[in-house]
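S.K.:
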Amino acid sequence: MRKVIANEWMTLDGVVQSPSYADEDAAGGFTHGGWHARYFDDLSMTWVIDNVRGAGGYLLGRGTYEIFAAHWPDAPQDQQVLAEPLNALPKYVASTTLAEPLGWRNARLLGSDAGAAVRALKKEEGGDLHVIGSPGLVQTLLALGLLDELRLMIDPLVVGGGKRLFRDDGALRSLRLTDSQVTSTGAIIATYATTGG
174 MRKVIANEWM TLDGVVQSPS YADEDAAGGF THGGWHARYF DDLSMTWVID
224 NVRGAGGYLL GRGTYEIFAA HWPDAPQDQQ VLAEPLNALP KYVASTTLAE
274 PLGWRNARLL GSDAGAAVRA LKKEEGGDLH VIGSPGLVQT LLALGLLDEL
324 RLMIDPLVVG GGKRLFRDDG ALRSLRLTDS QVTSTGAIIA TYATTGG
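Using the working numbering, you'd call the opening residue of the sequence shown number 174 and step up by one each time.
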């Protein structure tokens, strides 16, 4: 059975909003966009590349899909190590507002019951499915018991508010640390298995 693995950049206070650039997602008046870039080093870049290139396909929320579809098909040559697998591999998109056909090659909608679609995909042959960004989708998959692993890069930074990876839903969920590394910038790269993973 294929695993579903979430890959996230996160602040120490659990925020995942707008990590890459200032105007990525200013919802709710978020003013700290672009907080993540300064924490990259060789170790974390290798981790990102290994995760993207090691996937059998990707699960994406609408917002992440739209950002990726606007960038990766025409990515510059120095980004092809990531662009090649992102463009070539299957992409499954959770959205209630997008319609098929989707514009990015090898992308299709999960349909009206994303949980059932992901359950079916997990039973198929192939490499593991990686969720990149897409915190709303990660929250849904976690609540449905469909997430097997969380791969987090936790930056030594507190932003005091914004969209968080974990919902305030009162649920108690145990995770098991399976790997951890500390980068030269002080970020922690940690892999957690869910209790079912």
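Idealized CB from N, CA, C, for every residue including glycine.
Quick one: what does DSSP say Asn279 is sitting in, helix, strand or coil?
M.R.: coil
S.K.: What's the call for Thr143, buried or exposed, on a 16-neighbour Cβ count within 10 Å?
M.R.: Any question about residue 143 goes unanswered here, given that the chain covers just 174 to 370.
S.K.: Spatial neighbours of Gly149 within its chain, please: C-beta separation below 6 Å, excluding the five flanking residues on both sides.
M.R.: The structure shown has nothing for residue 149, since the chain only spans 174 to 370.
S.K.: Is DSSP giving Trp182 helix, strand or coil here?
M.R.: strand
S.K.: What is the DSSP secondary structure of Asp301, reduced to helix, strand or coil?
M.R.: DSSP places Asp301 in coil when its eight states are reduced to three.
S.K.: Between the C-alpha atoms of Met326 and Gly230, what's the straight-line distance to the nearest angstrom?
M.R.: 21 Å
S.K.: How is Gly370 classed by DSSP in three states: helix, strand or coil?
M.R.: Note that Gly370 scores a pLDDT of 47, beneath 50, so its modelled location is shaky and nothing firm can be said.
S.K.: Scan the region 295–370 and note each continuous alpha helix (DSSP H) run of 4 residues or more that stays entirely inside, going in chain order.
M.R.: Listed in chain order, they are 308–316.
S.K.: Starting from the N-terminal side, write out each stretch of the alpha helix (DSSP H) that is 4 residues or longer and does not extend beyond the region 194–242.
M.R.: 215–226
S.K.: Check Val189 in the structure and name its three-state DSSP category.
M.R.: coil
S.K.: Is DSSP giving Ala272 helix, strand or coil here?
M.R.: coil
S.K.: Since Arg349 and Ala366 should fall inside the 8 Å C-beta cutoff, what is the C-beta to C-beta distance between them, to a whole number of angstroms?
M.R.: 5 Å
S.K.: Are at least three pairs of beta-carbons, each pair with one atom in the region 176–187 and one in the region 310–328, less than 8 Å apart?
M.R.: Verdict: yes, contact present.
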